[in-house]
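First comes the structure, then the notes that go with it.
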Amino acid sequence: MQASMRTLALCPLGVARLGKIPSPRLLSPCIRTLFSETGVWEKDYRTETRRRVEEWWHPRIMAHGRKDAQEEGSNRKKFYVLSMFPYPSGRLHMGHVRVYTISDTIGHFQRMRGHQVLNPMGWDAFGLPAENAAIERGLDPGEWTISNIQSMREQLDSLGLCFNWDREVTTCLPDYYRWTQYLFIKLFKAGLAYQKEAVVNWDPVDQTVLADEQVDEKGRSWRSGALVEQKLLTQWFIKTTNYAKPLLDALADLPEWYGVKAMQANWIGECTGCYFDFKLKLNGEETGETLSAYSSSPETVFGAAYLAILPSHRLLHGSSSVRSALEKVLKPGRDCLTEVTARNLFTSQEVPLVISHREAFDGYLDTVIGTPDCSEEDLSVARDLNLMWKTVLKSDEDGTQTLINSNEFSGLTRQQAFNSVTQKAREQRVGGHLTSSKLRDWLISRQRYWGTPIPVVHCGSCGAVAVPEEELPVVLPKLPSLKGKGASPLDAAHDWVNCKCPRCKGPARRETDTMDTFVDSAWYYFRYTDPHNNHRPFERRLADHWLPVDVYIGGKEHAVMHLYYARFLSHFCRDQGLVAHREPFRKLLVQGLIKGQTFRLADSGQYLKREEIDFTDKEPVAVGGGCVEVTYEKMSKSKHNGLDPQEVVQQYGVDTVRLYILYAAPPEQDILWNVKTDALPGVLRWQSRLWQLVTKLRAARQLAGIPDPSVLKKKELAEVKKIWENKNYAIQEVTSHFTEDFLFNAAISRLMGLTNTLSSATVRVMQHSVEFEEALAALIMMAAPMAPHLASEVWAGLCQVQNPLTPLLQQGGDVLQQSWPNVDPEYLDVPDFVELSVLINNKPCGTVTVPLQVSKDFERVQQLVLESPLGQKHLGEHNIKRAILSPRTALINFLTDE
1 MQASMRTLAL
11 CPLGVARLGK
21 IPSPRLLSPC
31 IRTLFSETGV
41 WEKDYRTETR
51 RRVEEWWHPR
61 IMAHGRKDAQ
71 EEGSNRKKFY
81 VLSMFPYPSG
91 RLHMGHVRVY
101 TISDTIGHFQ
111 RMRGHQVLNP
121 MGWDAFGLPA
131 ENAAIERGLD
141 PGEWTISNIQ
151 SMREQLDSLG
161 LCFNWDREVT
171 TCLPDYYRWT
181 QYLFIKLFKA
191 GLAYQKEAVV
201 NWDPVDQTVL
211 ADEQVDEKGR
221 SWRSGALVEQ
231 KLLTQWFIKT
241 TNYAKPLLDA
251 LADLPEWYGV
261 KAMQANWIGE
271 CTGCYFDFKL
281 KLNGEETGET
291 LSAYSSSPET
301 VFGAAYLAIL
311 PSHRLLHGSS
321 SVRSALEKVL
331 KPGRDCLTEV
341 TARNLFTSQE
351 VPLVISHREA
361 FDGYLDTVIG
371 TPDCSEEDLS
381 VARDLNLMWK
391 TVLKSDEDGT
401 QTLINSNEFS
411 GLTRQQAFNS
421 VTQKAREQRV
431 GGHLTSSKLR
441 DWLISRQRYW
451 GTPIPVVHCG
461 SCGAVAVPEE
471 ELPVVLPKLP
481 SLKGKGASPL
491 DAAHDWVNCK
501 CPRCKGPARR
511 ETDTMDTFVD
521 SAWYYFRYTD
531 PHNNHRPFER
541 RLADHWLPVD
551 VYIGGKEHAV
561 MHLYYARFLS
571 HFCRDQGLVA
581 HREPFRKLLV
591 QGLIKGQTFR
601 LADSGQYLKR
611 EEIDFTDKEP
621 VAVGGGCVEV
631 TYEKMSKSKH
641 NGLDPQEVVQ
651 QYGVDTVRLY
661 ILYAAPPEQD
671 ILWNVKTDAL
681 PGVLRWQSRL
691 WQLVTKLRAA
701 RQLAGIPDPS
711 VLKKKELAEV
721 KKIWENKNYA
731 IQEVTSHFTE
741 DFLFNAAISR
751 LMGLTNTLSS
761 ATVRVMQHSV
771 EFEEALAALI
781 MMAAPMAPHL
791 ASEVWAGLCQ
801 VQNPLTPLLQ
811 QGGDVLQQSW
821 PNVDPEYLDV
831 PDFVELSVLI
841 NNKPCGTVTV
851 PLQVSKDFER
861 VQQLVLESPL
871 GQKHLGEHNI
881 KRAILSPRTA
891 LINFLTDE
């Protein structure tokens, strides 16, 4: 037997474990062969063939992805596709497979369009899960995390996902969190990172603070599920409220984000007020404490009569120097005038501090400015307490209100004063940033070990001092053991905690709180653009080249927290001159869950395993007796409805799983995993039909000799025209789905339609028409981003067809190296609409204009005619027995009851 005909080994059932695809040399002999290896084309696409195809093409596709990694100075148009990076738990779940299949598909598509594609991957590697696992197992969380990363990376590689691994980032490594600390110091120096006592959300199980966003509507921790407690602690905050209005306004310039823009806007709230900073005074002396108070009418700030705090305010419960003075006058249920006063740093006016009788102000506010000119309630409080204030509003004859007694702002209208007062307060850095009454600053302190150390030292003389940038990173110390309870674990690292003050060189202590992991993920998209930079977080030139991210893909559960924080930090970096763009993400593609089937006992709600169910009858019952409720829920071990991607891929193949995920539902919808539905059988059939099309063309050309398009007759030429039209329509539609709405399920449906058209082609059309060959080539190229292994093999088989008619098949290269097909110019020159003659019982009654693209689609044409004025007039009252759409002329005939 010739060398090209040699029999090659095939991976036997159960050998190709996810993450460990064996070398062909290690496999046992088998009778099957593969065209790419042997030059012999198999007639059918069998399970064994599929396995050999994926085994052969996997390393080649991965190499293609690595080869396409970005070259500096490329003149190709950039495309940055980013999927949210995972927490390294050690095991992929089907949600991971879905999001990364989508990003990989978009990446392949954009490469075929000639773009310079960035599709990076990294690890959101700090956080409680690793710390808790380390506590339970007596392990170092770093070692645990790195081991999990290695495992998950192998799993991702086994799926043929072409990430730019040379740009990998890991947030728990010093070369990454050094720059997280650098950005924190930038925030600190800009007055946006600050420490204060606050009543915070405390998770009693995980023993750490939670941000407001991490507590659900039932008051439970987002991670542990524990009922959250309220504690007064000194914490670090980032003043995101200073950016509320820019973040809100910038949403208008973004495309629709599947409802996420509305969620962001709702979270921020209406930015109609602002905070002003006050210095507290007791017995005429400043205490050194600053208090920020909210005003819903900042233009009237010169008319303030008092500052009001709630009875739950930290000044009454913490270590404030004015606490005893406040406690002396506190009388629950009454407004209490105190000896404490507050000097407005903007107006220089001094007003008394009042403890309000109210349990809550609007939104999350705990400190407000009382302005009698703007509020009946404020007026009542001021009068009851015999307070003095200035009138600052005057109504003109036309009803316009202007300011008086307001320094240089007097004479301005309220709107003019609103803009001028807030702008000047911002310039003086004493407040004025427009925000809502419902938005609070970002609480980032966490009393845990496994997180980015906050780069601050506390000095008895100098206070809180930032670690100099040249001393970064502040490396997380090794601890001999971790404990799950008590104060921050870093307090135990005495040699690390005790240090010298960078400013005065006196004794100091390091901050032992670590940062919330959302700080790490608020800027990782920047680091991907320049991941190996040792001098700065990223080079501006590179960040400006790649940003904004063209498509950002992830779960809708991150619509508020992560996206809000990432947008905030991008705005901040823009103001710091680090980047040119304010908004980091152009398009957002949110993907739904993959839900598994669950079985629960109706009476107790206990989840059962599938093997505990009796499916003998029509309705399933528990093996031990009892009614069973069948639902679909988010996959989890506790519900016994999870899927191991390794087992699913082993059973069906990489391409089948990719196609199923893309075809089963639009990205934003949930997938109810059920292999008995039409989605899985449908994509299995389609893969086989793609293979069969190449098989039929190869066989037809072997019989035909030299192709001769001139021999085609009139009927065959009409068939050729239909193929040409369907090809162009498919290219137009699929390209739109890949670039605009990301409806991959609709794109696959359109390709299936083109497959049907080609499958029905006569032998002579296959033998002698270039249109069939070009349409099949376009079909395979458009399938390639979604099913790269199969498409690569059928492309290889197509390119070796005898006597090819199109140069496409003679230019060389694998399918992923081909240019994405374009619509033929002649197709675009055809009129967009056609006049369709309408007959009723064979009698003409008028015409209806329909789009040319749907003029051969019977159901669509019928619907358009019935909805038209002509249809409503002549067909609205009739029972339609049958409708016939002419395949050759623009005509439809409705047969009705006379």
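Residue numbers for the sequence shown follow the UniProt record's numbering, so the first one is 1 and each next one is one higher. Note that CB positions come from ideal geometry on N, CA and C, so glycine has one too.
Option nearest residue i by Cα separation, candidates the options
i, options, result
"D708", "P804, R51, I671 and H640", "P804"
"D166", "E350, E154, W257 and P531", "P531"
"R223", "E229, N242, K281 and D203", "D203"
"K714", "A543, S769 and V734", "S769"
"P821", "T735, F894, N879 and L866", "T735"
"N879", "T806, L588 and N841", "N841"
"V169", "S103, I146, G138 and W123", "W123"
"H58", "H562, L159 and S103", "L159"
"H571", "A133, Q230, L248 and D897", "L248"
"C462", "R509, A493, A425 and L472", "R509"
"E197", "L233, D206, G812 and Y182", "L233"
"F585", "T101, V621, S296 and A543", "A543"
"R314", "S348, K231, K331 and W389", "K231"
"A664", "D644, S604 and L593", "L593"
"C459", "L589, K500, W450 and D491", "K500"
"T598", "A622, D617 and L589", "A622"
Exposure of residue i, with buried meaning 16 or more beta-carbon neighbours within 10 Å
i, result
"F858", "exposed"
"C274", "buried"
"V97", "buried"
"G107", "buried"
"A787", "buried"
"F126", "buried"
"P88", "buried"
"P480", "exposed"
"T752", "It should be pointed out that residue 752 corresponds to Met in this sequence rather than to Thr. M752 should be labelled buried."
"H535", "exposed"
"C799", "buried"
"I268", "buried"
"K727", "buried"
"A883", "buried"
"K881", "exposed"
"S23", "Reliability fails at S23, whose pLDDT of 37 lies under 50, so the model's placement of it is uncertain and no value is given."
"K218", "exposed"
"M1", "Unreliable placement is indicated for M1, whose pLDDT of 34 sits below 50; no coordinate value is reported for it."
"N242", "buried"
"N386", "exposed"
Whole-angstrom C-beta distance between residue j and residue i, which should lie under 8 Å
i, j, result
"D513", "S445", "4 Å"
"D832", "L864", "Going by Cβ atoms, the distance from D832 to L864 rounds to 14 Å, so no, they are not a contact pair."
"residue 910", "N119", "For the chain, the structure presents residues 1 to 898; residue 910 sits outside this window and is missing."
"M94", "L643", "5 Å"
"F35", "A796", "6 Å"
"T391", "T400", "With a Cβ gap of about 16 Å, T391 and T400 do not count as contacting."
"F526", "T240", "With 8 Å as the limit, F526 and T240 do not qualify as a contact, their Cβ atoms being about 18 Å apart."
"E725", "T762", "Going by Cβ atoms, the distance from E725 to T762 rounds to 17 Å, so no, they are not a contact pair."
"V519", "G554", "About 17 Å separates the two Cβ atoms, so there is no contact after all."
Fully enclosed by the segment 836 to 868, which alpha helix (DSSP H) runs are 4 residues long or longer?
-> List check, alpha helix (DSSP H) in window: 858 to 867.
Could I get the ranges of all uninterrupted alpha helix (DSSP H) runs contained in the segment 713 to 767, with 4 residues as the minimum, in chain order?
-> 714 to 736 and 744 to 759
Would you call the segment 740 to 751 and the segment 780 to 787 touching, i.e. three or more CB-CB distances under 8 Å?
-> When Cβ pairs closer than 8 Å are counted between the two stretches, the segment 740 to 751 is seen to touch the segment 780 to 787, the count reaching three or more.
Is there contact between the segment 424 to 441 and the segment 503 to 513, where contact requires at least three CB pairs shorter than 8 Å?
-> no
Is it a yes or a no for the segment 843 to 858 touching the segment 872 to 891, going by three-plus beta-carbon pairs under 8 Å?
-> In short, these stretches touch, since the Cβ pair count reaches three.
Scan the segment 448 to 475 and note each continuous beta strand (DSSP E) run of 3 residues or more that stays entirely inside, going in chain order.
-> 456 to 459 and 463 to 466
Start-end ranges of the alpha helix (DSSP H) lying completely within the segment 212 to 294, minimum 4 residues | 244 to 250 and 260 to 268
Flag this pair as touching only if the segment 678 to 696 and the segment 33 to 48 have three or more C-beta atom pairs under 8 Å; answer yes or no.
-> Taking a cut-off of 8 Å for Cβ pairs, the segment 678 to 696 and the segment 33 to 48 touch, as three or more such pairs fall below it.
Does the segment 270 to 286 touch the segment 548 to 558, meaning 3 or more C-beta pairs lie closer than 8 Å?
-> no
Complete beta strand (DSSP E) runs within the segment 769 to 847 (minimum length 3 residues, chain order) = 833 to 840
Can at least three beta-carbon pairs, one atom from the segment 866 to 882 and one from the segment 803 to 819, be found at a separation below 8 Å?
-> As far as the Cβ criterion goes, the segment 866 to 882 does not touch the segment 803 to 819, which means the pair count is below three.
The segment 276 to 288 touching the segment 345 to 352, judged by at least three CB pairs closer than 8 Å | In this structure the segment 276 to 288 lies against the segment 345 to 352, because at least three pairs of beta carbons, one per stretch, are closer than 8 Å.
Do the segment 297 to 306 and the segment 317 to 326 touch if we need at least three Cβ pairs shorter than 8 Å?
-> no
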